[in-house]
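Structure first, commentary second.
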Amino acid sequence: LAKNPYDVPKKTDKPEVVDWDKDHVDLEWKAPDDGGSPIEEYVVEMKDKHGNCCTQNIVFEFQVPGSETSARVGNLKEGEEYQFRIIAKNKAGYGEPSNPSDHVIAKPRHCEICF
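Following this note's numbering from start to finish, the sequence shown increments by one per residue and tops out at 291.
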């Protein structure tokens, strides 16, 4: 059996919520060790407070090119609480998922009068 010359990427650091509003969240993360093969893509997983991040109850996921270490997650429901995690992929496969982000509530970030 031939061994793959590459390892899967290391676990990505916990994503940071850098901005938000009532309908979106902006995330950033640091690229992990790539295991000897460039990162091809990142999978961004999202769950709401009713889901369970570490089982099949992932609410939503999408791919980001490996050259990017940030993403805007849109179409969020105002007032709902979310968490996110990141999985890096290279030629050898998918790495271990990151730890979940801090909880964030989709709400206006800047408002004159907030009730």
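Heads up, the beta-carbon is just placed ideally off N, CA and C, and yes, glycines get one too.
Each residue's CA atom was taken as its position, placing residue 201 and residue 236 some 14 Å apart.
Following the DSSP letters along the chain, one finds residue 207 in no beta strand (DSSP E), marked with neither H nor E. Taking every protein chain shown into account, the CB of residue 285 has fewer than 16 other CB atoms within 10 angstroms, so this residue is exposed. The C-beta separation of residue 261 from residue 275 comes to about 7 Å, placing the pair in contact by the 8 Å criterion. In the DSSP assignment, residue 272 falls outside any beta strand (DSSP E), carrying neither H nor E. In the three-state DSSP reduction, residue 246 falls in the strand class (E or B). Note on geometry: alpha-carbon atoms of residue 271 and residue 215 lie some 10 Å from one another. Taking 8 Å as the upper bound for CB-CB distance, residue 186 and residue 211 are in contact here, some 7 Å apart.
As the crow flies, the alpha-carbon of residue 243 is around 8 Å from that of residue 217.
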